[in-house]
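Novice:
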Amino acid sequence: AKQNGRNTYAFYTESITQQADQRFRLSNQLSKAIERCELELYYQPQIDMVSKRIIGAEALIRWNHPDDGLLTPWAFIGIAEETGIIHEISKWVIQQGCQQLKKWQEAGHQLTLSINISPRDFRYDDFYDQVAKNIQSSGITANGLELELTENGLMETSGNIRELLQQLKSLGISLAVDDFGTGHSSIAYLKHFPVDKLKIDRSFVKDIDVDPADKMITETIIDMARNFNLKVVAEGVETLPQHDLLLELECDIAQGYLYSKPVPLNEFETLLEKNSLA
Ligand code: C2E
Ligand code: CA
Ligand code: CA
Ligand code: CA
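For the sequence shown, full-length UniProt numbering begins at 697 and goes up steadily by one.
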């Protein structure tokens with residue numbers, strides 16, 4: 697047994713080293729991924745629950761890794777944040793997002809494009825300038841652009857975030873709180889920050905039709921949003937019973953595999969075309 701324990705120990709040490717190597721490898725490659733055009737935005741439709749039409753999309757980043765294939769953000773956003781590469785990635789996402797939104801606006805689509813922002817982005821004092829510059833150079837109508845921020849991220853960030861958010865809003869864009877309800881500051885958040893929308897975290901939506909507590913939490917968030925004059929998006933809607941219940945609770949917008957998973961641009965545009973015919 698002792699012998700075994702030793703082997704086990706050796707095994708784990710090796711695997712931790714391997715993990716470190718893997719992270720080192722990924723972070724080196726990630727710093728070149730932008731110029732090599734390996735990053736890609738996928739789009740997941742957001743559905744107006746009453747009209748059932750696509751009224752927006754969330755941009756979700758993917759990495760077409762030369763050896764490992766298509767990587768989801770879980771594989772590399774953490775590394776990007778630790779190494780600071782997130783700064784470059786966010787710049788790229790904002791630029792791509794604005795350019796794409798411009799095309800949709802020119803084609804006559806009324807869409808909100810939501811972009812995920814890392815709390816780390818606020819550490820760089822050129823964040824506001826980045827957003828302002830891209831709105832200008834792309835020529836988008838700014839009210840089609842939305843930034844998604846997680847509540848924990850913001851509360852942990854020092855500096856005058858409230859002022860920064862107000863400046864961002866003065867550009868005409870909107871702000872959404874991502875994963876709402878999972879942080880330790882949800883309600884204080886609404887008091888401090890000028891947000892427009894709450895995204896109810898998937899963990900509440902998952903069992904909404906079977907777990908009374910989850911239903912009650914969701915109902916409470918929706919009521920609260922009403923009182924604060926905010927829109928509500930339900931994340932991770934996978935089944936019709938979940939959809940029906942959210943509609944009954946008067947949730948405004950839904951997003952999830954029930955309607956569509958995140959898809960590459962051309963597939964999203966096919967969905968959009970169907971949408972405008974509907
Ligand atoms: P998130 O912002 O909470 O995004 C929602 C995640 O849930 C996405 O995972 C999406 O694919 C997934 N999802 C959507 N509908 C369903 C559903 O019905 N069921 C289930 N099980 N999952 C669903 P994804 O694309 O892997 O992104 C993971 C996270 O990575 C995002 O969580 C976001 O925090 C981060 N992320 C994605 N894109 C970016 C980006 O461009 N910049 C930054 N900073 N973070 C990003
Ligand atoms: Ca999000
Ligand atoms: Ca989310
Ligand atoms: Ca999340």
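All residues carry an ideal CB built from backbone N, CA and C; glycine is no exception.
Everything numeric in this text was worked out from a predicted model, so none of it was measured.
Given 7 Å as the limit, tell me if residue 958 has its C-beta closer than that to any heavy atom belonging to ligand 1.
Specialist: Yes.
Novice: When we look at the beta-carbon of residue 742 and count the other beta-carbons within 10 Å, is it buried (16 or more) or exposed?
Specialist: Buried, because 16 or more other Cβ atoms sit within 10 Å of the Cβ of residue 742.
Novice: Measuring straight from C-alpha to C-alpha, what distance separates residue 698 and residue 959?
Specialist: With a pLDDT of only 43 at residue 698, under the threshold of 50, the placement of this residue in the model should not be trusted, and no figure is reported.
Novice: If you draw a straight line from the alpha carbon of residue 948 to that of residue 754, how long is it in whole angstroms?
Specialist: Their Cα atoms are separated by approximately 16 Å.
Novice: On the three-state DSSP scale, how would you describe residue 743?
Specialist: Residue 743: strand per DSSP, three-state reduction.
Novice: Mind listing, in chain order, the residues whose beta carbon lies closer than 6 Å to a non-hydrogen atom of ligand 2?
Specialist: This selection yields 754, 812, 844 and 874.
Novice: Sorted by chain position, which residues of the same chain lie with C-beta nearer than 6 Å to residue 862's C-beta, five sequence neighbours on each side aside?
Specialist: Here the set comprises 890.
Novice: I'd like to confirm the pairing. Which residues does DSSP put opposite residue 846 in its beta bridges?
Specialist: Answer is 874.
Novice: Find the nearest neighbour of residue 843 within the set 865, 788 and 972, judged by alpha-carbon distance.
Specialist: Ranking 865, 788 and 972 by Cα distance to residue 843 puts 865 first.
Novice: Looking at the structure shown, is residue 956 part of a helix, part of a strand, or coil, going by DSSP?
Specialist: In the structure shown, residue 956 sits in coil (DSSP, three-state: anything other than H, G, I, E or B).
Novice: Under 7 Å from any heavy atom of ligand 1, does the C-beta of residue 929 make it?
Specialist: It does not: the Cβ of residue 929 is nowhere closer than 7 Å to a heavy atom of ligand 1.
Novice: Identify whether residue 774 lies in helix, strand or coil by the three-state DSSP scheme.
Specialist: Residue 774 falls in the helix class under three-state DSSP.
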